[in-house]
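Numbering (this note's numbering), first residue to last: 23 to 536.
Positions of the beta carbon are idealized from the N, C-alpha and C atoms, including for glycine.
Written out below as structure tokens is the structure these notes cover.
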Ligand code: GAP
């Protein structure tokens, strides 16, 4: 566990050191749970977004995109239920004056039981060596069983309290489990209160004329309120989808794990409108489609899992998360929800507009049902970083830090390196960059030894480097180095585009999806 935490810390500092992610307003010591993407981060992020956008809009004839505004009419959020129910249960410690999410304190307690069980398992594994049967140990060892029983009981009580929205019971669980404040170490807790996560601001220039509006907490509602516009102007027939990428804002109280939980973040959401009664079939199809999208990146099927929800929101009739194995455990990266006709019906009710679909096949009108796929760009970014970061032991005792990014997502695809800064080599290198920059992102670098330049490129995940040497002037060939194998081969300059372009394009990923 501690080792994994160390790796995560290293990834966070690598992100800063190599221009991927900086704390927001860094010179003022940052702003909690808000981050800026640097020169390499923005390229990687754009590539992730492109991969998603094209997989939705290019590969599906019946999915179109929109870009709705962040500010929306305030009634939107009344209709969607966010004004009344987009809350976190908060609790304060009276001694430290620190505020916590009650549900997170309890989840941490559940994780502690898991850790205790894992410790027992690891101890036994060491003791028994090759003869160790983990399954048998977990089902028979008295100490493990005791921890497991306590964990299960807590989990059941916790789920019930959440389901019943029982704030008193949440507090009682915290007291009964003897959970202490990590700062003061005391159990001097206040009552649990609901806290709405939406940020408010005002439109209008005078205090009297101003009205309160919200920064959207999800992009989905921008799609629902445009359902009629898109369906009519695009003459869309069911089933069809509307995709959108954009910023969302949540006043998260427990902001931690770097860009995993942010106050300003980006979502890639797609609402797929279907005929009522077919939604569960489409739900299954979208589960498979979205899992295939993740797995095409080549991070290993074992690093993903579905987490089907037992507790469904009142408007959903099925929901699952796609979880990825981060250094701090399996965590949600994407949600797939069967949202019934809840959102469209609510907007019809609050706006007074008829929001329906006339089905030319059955000659009837109805409110479509919706399957939603919703993925956080920043969480996706984090999962890509976590999986790609690698410290390698090289022959001869040297080490290197390399980001094994999928080539199609890498910020820089090709580094062009003249061996020396003289004898006409920089000019040849610059010419290669000038020719290839129209096809993929190239970077020219002449500073430091070639070894140091390779390391710099490894650290930002650049899949290819070419070195221009004195022989190049005679044979028009360069040395092409592969990031992962570090193998080098001589290739003609004229072949570079053909060798590299296919491997680094988003198309190479999209083709895996068909
Ligand atoms: N429209 C549905 C919706 O917003 P959600 O499960 O609340 O559902 C969807 O969010 C995805 O957005 C999550 O799976 C996660 O990737 C991302 N996300 C949610 N809150 C986030 C936060 N505070 N910081 C970063 N990403 C977040």
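Taking buried to mean at least 16 other C-beta atoms within 10 Å of its own C-beta, is residue i buried or exposed?
{"i": "residue 357", "result": "buried"}
{"i": "residue 497", "result": "exposed"}
{"i": "residue 201", "result": "buried"}
{"i": "residue 165", "result": "exposed"}
{"i": "residue 534", "result": "exposed"}
{"i": "residue 107", "result": "exposed"}
{"i": "residue 175", "result": "exposed"}
{"i": "residue 49", "result": "exposed"}
{"i": "residue 464", "result": "buried"}
{"i": "residue 412", "result": "exposed"}
{"i": "residue 150", "result": "exposed"}
Since residue i and residue j are thought to touch, with beta carbons under 8 Å apart, how far apart are those beta carbons, to the nearest angstrom?
{"i": "residue 438", "j": "residue 488", "result": "6 Å"}
{"i": "residue 270", "j": "residue 289", "result": "5 Å"}
{"i": "residue 256", "j": "residue 86", "result": "6 Å"}
{"i": "residue 327", "j": "residue 352", "result": "6 Å"}
{"i": "residue 73", "j": "residue 431", "result": "7 Å"}
{"i": "residue 77", "j": "residue 308", "result": "That belief does not hold up - the Cβ atoms of residue 77 and residue 308 are roughly 12 Å apart, past 8 Å."}
{"i": "residue 88", "j": "residue 264", "result": "6 Å"}
{"i": "residue 450", "j": "residue 70", "result": "Not a contact, Cβ separation roughly 34 Å."}
{"i": "residue 428", "j": "residue 295", "result": "No, residue 428 and residue 295 are not in contact; Cβ-Cβ is about 32 Å, not under 8 Å."}
{"i": "residue 26", "j": "residue 460", "result": "Not a contact, Cβ separation roughly 42 Å."}
{"i": "residue 477", "j": "residue 467", "result": "Going by Cβ atoms, the distance from residue 477 to residue 467 rounds to 11 Å, so no, they are not a contact pair."}
{"i": "residue 249", "j": "residue 377", "result": "6 Å"}
Are the Cβ atoms of residue i and residue j separated by less than 7 Å?
{"i": "residue 393", "j": "residue 305", "result": "yes"}
{"i": "residue 92", "j": "residue 285", "result": "no"}
{"i": "residue 115", "j": "residue 216", "result": "no"}
{"i": "residue 538", "j": "residue 379", "result": "Absent from the structure is residue 538, since the part of the chain shown begins at 23 and ends at 536."}
{"i": "residue 221", "j": "residue 273", "result": "yes"}
{"i": "residue 57", "j": "residue 46", "result": "yes"}
{"i": "residue 246", "j": "residue 95", "result": "no"}
{"i": "residue 139", "j": "residue 177", "result": "no"}
{"i": "residue 154", "j": "residue 160", "result": "no"}
{"i": "residue 4", "j": "residue 410", "result": "With the chain covering 23 to 536 only, the question about residue 4 has no answer from this structure."}
{"i": "residue 418", "j": "residue 287", "result": "no"}
{"i": "residue 518", "j": "residue 318", "result": "no"}
{"i": "residue 277", "j": "residue 54", "result": "yes"}
{"i": "residue 337", "j": "residue 364", "result": "yes"}
{"i": "residue 199", "j": "residue 131", "result": "yes"}
{"i": "residue 135", "j": "residue 173", "result": "yes"}
{"i": "residue 195", "j": "residue 128", "result": "yes"}
Residue i by DSSP, collapsed to three states: which one?
{"i": "residue 466", "result": "strand"}
{"i": "residue 484", "result": "coil"}
{"i": "residue 165", "result": "helix"}
{"i": "residue 456", "result": "helix"}
{"i": "residue 61", "result": "coil"}
{"i": "residue 446", "result": "coil"}
{"i": "residue 278", "result": "coil"}
{"i": "residue 361", "result": "coil"}
{"i": "residue 512", "result": "strand"}
{"i": "residue 387", "result": "strand"}
{"i": "residue 227", "result": "coil"}
{"i": "residue 196", "result": "helix"}
{"i": "residue 342", "result": "strand"}
{"i": "residue 123", "result": "strand"}
{"i": "residue 98", "result": "helix"}
{"i": "residue 233", "result": "strand"}
{"i": "residue 330", "result": "strand"}
{"i": "residue 264", "result": "strand"}
{"i": "residue 150", "result": "helix"}
With a CB to CB cut of under 6 Å and the five nearest residues on each side skipped, what residues in its chain are close to residue i?
{"i": "residue 291", "result": "241, 242, 266, 396"}
{"i": "residue 65", "result": "433"}
{"i": "residue 192", "result": "111, 124, 183, 214"}
{"i": "residue 32", "result": "none"}
{"i": "residue 372", "result": "97, 101"}
{"i": "residue 479", "result": "437, 487"}
{"i": "residue 99", "result": "105, 236"}
{"i": "residue 359", "result": "338, 341, 394"}
{"i": "residue 297", "result": "260"}
{"i": "residue 37", "result": "43"}
Go through its chain and collect everything with a Cβ distance to residue i's Cβ below 8 Å, but skip five positions before and after it.
{"i": "residue 447", "result": "440, 441, 490, 491, 492, 494, 495"}
{"i": "residue 511", "result": "501, 502"}
{"i": "residue 367", "result": "377, 389"}
Cutting at 7 Å between CB atoms, please list the residues of its own chain near residue i, excluding the five before and the five after it.
{"i": "residue 41", "result": "60, 61, 62, 63"}
{"i": "residue 334", "result": "341"}
{"i": "residue 281", "result": "43, 57, 400, 403, 404"}
{"i": "residue 212", "result": "113, 114, 116"}
{"i": "residue 208", "result": "115, 117, 202"}
{"i": "residue 527", "result": "430"}
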